[in-house]
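Worksheet for the structure shown next.
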Amino acid sequence: MAFRKNQFYVALTNWYHKHGRVLPWRQTRDPYAILVSEVMLQQTQVATVIPYYNEWLRRFPDFAVLARASESDVLHAWQGLG
């Protein structure tokens, strides 16, 4: 059984290295940025999320900045996502 799991892992990893997409949230270990991507991707397709994600992090790079932003600024930045 362990051998089959290892085969699957190797096959999946090889497939990812060959076909996996380069996405901005895969290039960070910042929990805030990852959370932003997870919430956005719940509502909208990847191709649409990418520019919103980049702009969101430019405008609201962390929870502190987001907390200080006005509700209208936040809603405006989110507008257009599903």
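All residue numbers for the sequence shown refer to this note's numbering, where the first residue is 984 and numbers rise by one. All residues carry an ideal CB built from backbone N, CA and C; glycine is no exception. Remember, predicted model here, so these are calculated numbers, not experimental data.
Exercise. How is Pro1014 classed by DSSP in three states: helix, strand or coil?
Worked result: Here residue 1014 corresponds to residue number 31 of the sequence shown, with the count starting at 1. In the structure shown, Pro1014 adopts helical secondary structure according to DSSP, grouped into three states.
For this session: Figure out for me which residue from Gly1065, Arg1004 and Tyr999 has the closest Cα to the Cα of Tyr1035.
Result: Residue 1035 sits at position 52 when you count from the first residue of the sequence shown. Ranking Gly1065, Arg1004 and Tyr999 by Cα distance to Tyr1035 puts Gly1065 first.
Exercise. Taking buried to mean at least 16 other C-beta atoms within 10 Å of its own C-beta, is Val993 buried or exposed?
Worked result: Position 10 of the sequence shown, counting from 1, holds the residue named residue 993. By the neighbour-count rule (16 or more Cβ atoms within 10 Å), Val993 is not buried but exposed.
For this session: Measure the alpha-carbon distance for Gln1028 versus Asn989 and round it to whole angstroms.
Result: As a working mapping, residue 1028 is identified with position 45 in the sequence shown. As a working mapping, residue 989 is identified with position 6 in the sequence shown. CA-to-CA, the gap between Gln1028 and Asn989 works out to about 32 angstroms.
For this session: Specify the secondary structure class of Gln990 as computed by DSSP and reduced to three states.
Result: Here residue 990 is taken as the residue at index 7 of the sequence shown, counted from 1. DSSP places Gln990 in helix when its eight states are reduced to three.
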